[in-house]
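Written below as C-alpha cells is the structure these notes are about.
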Amino acid sequence: MESADIHVLKEVPWQFFGTLTFKQQRLPERVRLSMFFTLLRHTAKTHKVKFNKLLWCLRQEHGEATGRRHFHFLLAGLPAEACTMRTCFALKNGWESRKGGMARVTRFDPRLDAGSYLTKPAGPVDPGDSYESAKFGSGACSLMIAHAVWKFASSKRQAQLMR
C-alpha cells in the first residue's frame, strides 16, 4: 500500500530528478541539508522564483554498494522555459561548485510516476532513473517534502472538486 506522501507526489508536474553525492563521507546532517537548500535558493533566484514557491522532495539514503550517504531529489516550480538541459547542467555545476561530490541531474521523465516506475512505460526509460525513482515509493525511505507541494496538491484537488 502506498503512503499518502506518494499520492501527493504523483500530483506534481515534476521538472527535474537528481542525485547528489558528497566529497566528504562524514558531514553533519545540517551541513548536507544546508548545501541542498543553498542550491535550491540559488536556482530560485536565477529563475526569479520565490524559494517558498519551489516544489521539491528530498530523499536521503546510504548507497547500496559503498554505504555512502547521498541525496535524490525531485524539483518543480520553475518557469516552463527553465526545463532544459542547460538548467540540468546549472544544477549539477552549482552542486559541485558548493563542495558537493558528483551530481547527476536530468529532466524528469513523466513516465516515472514520481516514485514508482509506471507498469507500462511509453517507450525506453533510463534504467538508472527508473531504479532510483522507484525508491521514492518504498516504505524504507524517509522523505522531506516542501510545504509548497502540499499546497499545490490541495489546490489541485479543490479545483477538481469544483468542476
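Letter 4 of the sequence shown, counting from 1, is numbered 19 in my numbering, and no numbers are missing. We put the beta carbon where it would ideally sit given N, CA and C, even for glycine.
If one requires a minimum length of 3 residues, the beta strand (DSSP E) runs lying completely within the region 47-100 are 70-77, 84-91, in chain order.
A Cβ-Cβ contact shorter than 9 Å links C103 with T121. Short of 6 Å from the beta carbon of A168, and not among the five residues preceding or following it, lie these beta carbons of its own chain, in chain order: V23, E26. If you compare the alpha carbons of P125, W110, L73 with that of H162, the shortest gap goes to L73. If you compare the alpha carbons of F88, H57, R119 with that of M159, the shortest gap goes to F88. Of the residues F123, K114, G109, K38, the one whose Cα lies closest to the Cα of K60 is G109. With 16 or more other CB atoms across the displayed protein chains lying within 10 angstroms of its CB, W71 is buried. Within the DSSP bridge table, the entry for T121 names F32 as partners.
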